[in-house]
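Student:
Residue numbers (my numbering): 1 to 147.
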């Protein structure tokens with residue numbers, strides 16, 4: 001099964017092991033994976049709608065270094081909002097250590113939040129960013145029921 005999913009993640013297509021269940025596919029050839037605990041608790045970060053949309057856009061478009069290249073004006077155009085809204089959203093993501101401005105026209109996505117399907121690339125990126133990531137740990141906010 002793992003080999004079949006790996007093959008489909010590289011070349012696209014569908015995989016089905018049981019005719020009664022719906023097939024799981026990777027139609028774009030670029031499968032994205034996110035930490036399960038983070039995914040289940042994203043709502044606890046209480047981000048603005050624009051910050052949530054920006055985060056999902058960054059998760060879907062980052063390169064192998066976890067970077068998204070472009071200006072805030074370009075991101076605003078993509079998200080159909082103002083550049084000021086993107087700036088505020090990025091500050092929220094930075095405050096949660098999910099993504100931050102790395103250089104001019106470059107946003108760094110925390111590889112602990114999202115990464116490409118190939119885990120060897122993920123591990124290499126984490127090793128490269130080691131010291132910076134120690135200062136950018138993601139803390140999932142506790143809910144009232146967990147207090």
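Every residue gets a Cβ at the ideal spot worked out from N, C-alpha and C, and that includes glycine.
Would you mind working out which of 87, 67, 89, 55 sits nearest residue 156, comparing C-alpha positions?
Tutor: Beyond the ends of the chain as shown, which are 1 and 147, falls residue 156; an answer cannot be given.
Student: Quick check: what's the CA-CA separation for residue 74 versus residue 87?
Tutor: In the chain shown, residue 74 corresponds to position 74, counting from 1. In the chain shown, residue 87 corresponds to position 87, counting from 1. So the alpha carbons of these two residues sit roughly 12 Å apart.
Student: Just how far apart, CA to CA, sit residue 93 and residue 47?
Tutor: The residue labelled residue 93 in the question sits at position 93 within the chain shown. The residue labelled residue 47 in the question sits at position 47 within the chain shown. Distance between the alpha carbons of residue 93 and residue 47: 8 Å.
Student: Only counting runs of 3 or more residues, tell me where the beta strand (DSSP E) segments fall wholly within the segment 49-123, in order along the chain.
Tutor: Runs of the beta strand (DSSP E) inside the segment 49-123: 67-69, 99-103, 106-109, 114-116.
Student: So for residue 142, helix, strand or coil by DSSP?
Tutor: Here the question's residue 142 lines up with position 142 in the chain shown. Coil.
Student: Would you kindly work out how many angstroms separate the C-alpha atoms of residue 107 and residue 7, rounded to a whole number?
Tutor: For the purposes of this step, residue 107 is identified with residue 107 of the chain shown, where counting begins at 1. For the purposes of this step, residue 7 is identified with residue 7 of the chain shown, where counting begins at 1. The straight-line gap from Cα to Cα measures roughly 31 Å.
Student: Quick one: grab the DSSP three-state call for residue 23.
Tutor: Residue 23 sits at position 23 when you count from the first residue of the chain shown. Summary for residue 23: the model assigns pLDDT 48, below 50, so the residue's position carries little reliability, and this model does not support an answer.
Student: Using only the alpha-carbon positions, how far apart do residue 51 and residue 100 sit?
Tutor: Within the chain shown, numbered from 1, the residue matching residue 51 stands at position 51. Within the chain shown, numbered from 1, the residue matching residue 100 stands at position 100. If I take the Cα positions, the gap works out to 12 Å.
Student: Can you check whether the CB of residue 109 is closer than 7 Å to the CB of residue 174?
Tutor: Coverage of the chain is limited to positions 1 through 147, which leaves residue 174 absent and any answer about it impossible.
Student: Give the straight-line distance between the Cα atoms of residue 23 and residue 137, rounded to the nearest whole angstrom.
Tutor: What you label residue 23 is simply residue 23 of the chain shown in a count that begins at 1. What you label residue 137 is simply residue 137 of the chain shown in a count that begins at 1. Confidence at residue 23 is low in this model, with a pLDDT of 48, below 50, so its placement is unreliable and the value that follows should be read with caution. If I take the Cα positions, the gap works out to 36 Å.
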